[in-house]
Amino acid sequence: MDSTAVVVAFWALAALTLGSALMVAAVRDLVHAVLFLILSFIGVAGLYLTLSADFVAVVQVLVYAGAIAVLMLFAILLTPRAARDNATISYRAPVSIVAGLVGVVIVFAALKTPWATTADDDRFPTTARAIGNALLDPFVLPFEVASVLLVVAIIGAIVLVRPGEVGPGQEDRR
Amino acid sequence: MIDLEHVLVVGALLFSVGLYVALSRRNAVGILMGVELMLNAVNLNLIGFARFVESPRPIDGHVFAVFVITVAAAEAAVALALAVSVYRLRGSIDVDRLDSLKW
Numbered sequence: 000m001d002s003t004a005v006v007v008a009f010w011a012l013a014a015l016t017l018g019s020a021l022m023v024a025a026v027r028d029l030v031h032a033v034l035f036l037i038l039s040f041i042g043v044a045g046l047y048l049t050l051s052a053d054f055v056a057v058v059q060v061l062v063y064a065g066a067i068a069v070l071m072l073f074a075i076l077l078t079p080r081a082a083r084d085n086a087t088i089s090y091r092a093p094v095s096i097v098a099g100l101v102g103v104v105i106v107f108a109a110l111k112t113p114w115a116t117t118a119d120d121d122r123f124p125t126t127a128r129a130i131g132n133a134l135l136d137p138f139v140l141p142f143e144v145a146s147v148l149l150v151v152a153i154i155g156a157i158v159l160v161r162p163g164e165v166g167p168g169q170e171d172r173r
Numbered sequence: 000m001i002d003l004e005h006v007l008v009v010g011a012l013l014f015s016v017g018l019y020v021a022l023s024r025r026n027a028v029g030i031l032m033g034v035e036l037m038l039n040a041v042n043l044n045l046i047g048f049a050r051f052v053e054s055p056r057p058i059d060g061h062v063f064a065v066f067v068i069t070v071a072a073a074e075a076a077v078a079l080a081l082a083v084s085v086y087r088l089r090g091s092i093d094v095d096r097l098d099s100l101k102w
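Protein chains in written order, with numbering that gives the first Met the number 0: chain A, 0 to 173; chain B, 0 to 102.
Take a look at the structure:
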């Protein structure tokens with residue numbers, strides 16, 4: 000790929016990602032905030048593509064922009080109109096100072112550290128095969144634990160929202 | 000030419016925006032949105048390191064990013080189930096009003 004085009008794409012996608020993340024913080028309606036969050040996730044997926052991480056970019060679009068965003072929309076729409084505002088707490092100024100300081104510290108550390116970078120421009124011709132091999136050779140145990148975690152999360156989510164005898168949140172109904 | 004530092008700066012800015020969103024929302028779903036932004040910033044850093052840093056196994060950064068996405072999906076499912084459940088119990092998912100453990 001042309002190097003200049005990649006650089007332009009990188010900064011355009013970075014601006015898209017950060018701009019929509021700021022809009023998540025700024026808009027008043029929670030549904031609009033989720034829509035801007037989807038835009039931000041898609042921008043991050045584009046950033047992965049400019050960093051030649053094609054498999055992770057596809058997973059990002061499928062899981063984040065697809066599944067997690069739809070889950071959030073469901074959770075918002077299951078709560079009524081009054082709970083849908085994107086209101087902030089009253090002490091916003093100290094919170095923004097803390098967030099800004101954390102950002103400044105990370106940027107400072109990132110720029111001051113002498114990273115051992117490589118000049119290898121064509122490092123990952125394809126990533127899906129290499130990720131599959133890595134998941135089945137050095138990372139078998141985390142891979143299996145991740146599947147157990149997903150089962151636990153599915154069962155936990157079902158138990159939490161099930162109407163009936165064991166779920167929390169039912170005590171005031173009987 | 001994109002450098003590692005550029006990726007890290009974008010990741011740091013995304014992380015601090017996510018931190019601000021997570022700390023400043025009243026709504027539980029809004030807090031979860033901030034947490035997801037922070038996880039995205041971390042993933043961006045992992046992919047940047049995998050792309051640029053000298054390493055015998057550079058693909059490990061991608062594997063870590065896939066694991067982070069998996070855990071984020073599980074976390075989002077449970078957190079949103081909790082939000083719906085808390086809404087049924089209290090009639091609100093405003094975290095300022097979830098203070099029954101305070102004395």
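We put the beta carbon where it would ideally sit given N, CA and C, even for glycine.
Beta carbon proximity, residue i to chain A, threshold 9 Å
{"i": "B/E35", "result": "yes"}
{"i": "B/D59", "result": "yes"}
{"i": "B/L97", "result": "no"}
Beta bridge counterpart(s) of residue i as assigned by DSSP
{"i": "B/D93", "result": "B/N26"}
{"i": "A/T87", "result": "B/R24"}
{"i": "A/T116", "result": "B/V52"}
{"i": "A/G53", "result": "The identity of residue 53 of chain A in the sequence shown is Asp, whereas the question assumes Gly. Its beta-bridge partners do not exist; DSSP assigns none."}
{"i": "A/D28", "result": "A/D84"}
Residue-chain proximity (residue i, chain B), Cβ-Cβ < 9 Å
{"i": "A/A156", "result": "yes"}
{"i": "A/A52", "result": "yes"}
{"i": "A/L34", "result": "no"}
{"i": "A/A109", "result": "yes"}
{"i": "A/L38", "result": "no"}
{"i": "A/A66", "result": "yes"}
{"i": "A/G45", "result": "no"}
{"i": "A/A4", "result": "no"}
{"i": "A/A11", "result": "no"}
{"i": "A/V165", "result": "Because A/V165 carries a pLDDT of 49, less than 50, the predicted location of this residue cannot be relied on, and no value is offered for it."}
{"i": "A/Q169", "result": "Confidence in A/Q169 is poor, its pLDDT being 48 and thus under 50, which makes the residue's placement unreliable; the coordinate value appears in the next sentence. At least one chain B Cβ lies under 9 Å of A/Q169."}
Proximity to residue i [Cα-Cα], best of the options
{"i": "B/G20", "options": "A/A86, A/A8 and A/G155", "result": "The identity of residue 20 of chain B in the sequence shown is Val, whereas the question assumes Gly. The shortest C-alpha separation from B/V20 is found at A/A86."}
{"i": "B/V77", "options": "A/I153, A/T49 and A/P162", "result": "A/I153"}
{"i": "A/A66", "options": "B/I58, B/V62 and B/A75", "result": "B/A75"}
{"i": "A/V60", "options": "A/L70, A/S19 and A/G42", "result": "A/G42"}
{"i": "A/R64", "options": "B/F48, B/A71 and B/A11", "result": "Rather than Arg, the amino acid found at residue 64 of chain A in this sequence is Ala. The shortest Cα separation from A/A64 among B/F48, B/A71 and B/A11 belongs to B/A71."}
{"i": "B/L22", "options": "A/D53, A/I96, A/T78 and A/G18", "result": "A/I96"}
{"i": "A/A184", "options": "A/H31, A/L38 and A/P124", "result": "Lying outside 0 to 173, the shown extent of chain A, residue 184 of chain A is not represented and no answer is given."}
{"i": "B/H61", "options": "B/P55, B/A73, B/F48 and B/E53", "result": "B/F48"}
{"i": "A/Y90", "options": "B/N39, B/R25, B/V6 and B/G17", "result": "B/R25"}
{"i": "B/M0", "options": "A/D136, A/A118 and A/A156", "result": "A/A118"}
{"i": "A/D136", "options": "B/D59, B/A73, B/E35 and B/A64", "result": "B/D59"}
{"i": "B/I46", "options": "A/A98, A/I37, A/V104 and A/A56", "result": "A/A56"}
{"i": "A/A13", "options": "A/R122, A/A44 and A/A92", "result": "A/A44"}
{"i": "A/A145", "options": "B/R96, B/D95 and B/A73", "result": "B/A73"}
Residue i versus residue j: straight-line alpha-carbon distance, rounded
{"i": "A/L34", "j": "B/G33", "result": "14 Å"}
{"i": "B/S91", "j": "B/V85", "result": "7 Å"}
{"i": "A/F9", "j": "A/L140", "result": "35 Å"}
{"i": "A/I75", "j": "A/L29", "result": "8 Å"}
{"i": "A/V147", "j": "A/A127", "result": "23 Å"}
{"i": "A/V6", "j": "B/F51", "result": "15 Å"}
{"i": "A/L46", "j": "B/L3", "result": "13 Å"}
{"i": "A/V160", "j": "A/E143", "result": "26 Å"}
{"i": "B/W102", "j": "A/L17", "result": "40 Å"}
{"i": "B/L100", "j": "A/R27", "result": "29 Å"}
{"i": "A/A129", "j": "A/M22", "result": "36 Å"}
{"i": "B/D98", "j": "A/T49", "result": "45 Å"}
{"i": "B/I68", "j": "A/V62", "result": "7 Å"}
{"i": "A/F107", "j": "B/N42", "result": "19 Å"}
{"i": "B/F14", "j": "A/I157", "result": "31 Å"}
{"i": "B/R87", "j": "A/L72", "result": "17 Å"}
{"i": "B/L7", "j": "A/V58", "result": "21 Å"}
{"i": "A/A32", "j": "A/A24", "result": "7 Å"}
{"i": "A/T112", "j": "A/T3", "result": "26 Å"}
{"i": "B/E35", "j": "A/L70", "result": "13 Å"}
{"i": "A/F40", "j": "B/N39", "result": "8 Å"}
Residue i: contacting residues in chain A (beta-carbon distance under 7 Å)
{"i": "B/V28", "result": "L29, M71, A74 and I75"}
{"i": "B/L100", "result": "Simply none; closest approach about 14 Å."}
{"i": "B/V20", "result": "V23 and A24"}
Listed by chain order, chain A residues near residue i by CB distance under 8 Å
{"i": "B/V83", "result": "A74, L77, T78, L159 and V160"}
Closer than 7 Å at the beta carbon, the chain B residues around residue i
{"i": "A/I105", "result": "A11 and F14"}
{"i": "A/P141", "result": "F66"}
{"i": "A/V55", "result": "I46, H61, A64 and V65"}
{"i": "A/A152", "result": "A73, A76 and V77"}
{"i": "A/V58", "result": "V65 and I68"}
Interface partners of residue i on chain B, CB under 9 Å
{"i": "A/L148", "result": "T69, V70 and A73"}
{"i": "A/L17", "result": "V9, L12, L13 and V16"}
{"i": "A/V175", "result": "Residue 175 of chain A lies beyond the stretch modelled for chain A, which goes from 0 to 173, so this question has no answer here."}
{"i": "A/I41", "result": "Ordered by position in chain B, no residue passes the 9 Å Cβ test against A/I41, which lies about 11 Å from the chain."}
{"i": "A/A92", "result": "The premise fails here: A/A92 is roughly 10 Å from chain B at the closest Cβ pair, so nothing lies under 9 Å."}
Within chain B, partners of residue i - CB distance below 8 Å
{"i": "A/A20", "result": "L13, V16, G17, V20 and L36"}
{"i": "A/A115", "result": "V52 and E53"}
{"i": "A/V101", "result": "F14, S15 and L18"}
Residue i Cβ short of 8 Å to the ligand SAM heavy atom set
{"i": "A/A32", "result": "In terms of ligand content, the structure shown is empty, and the ligand SAM therefore cannot be addressed."}
Item to complete: Could you run through the segment 121-138 of chain A and flag, in chain order, every residue whose CB is less than 9 Å away from some CB of chain C?
Response: Here the protein chains are A and B, and chain C is not one of them.
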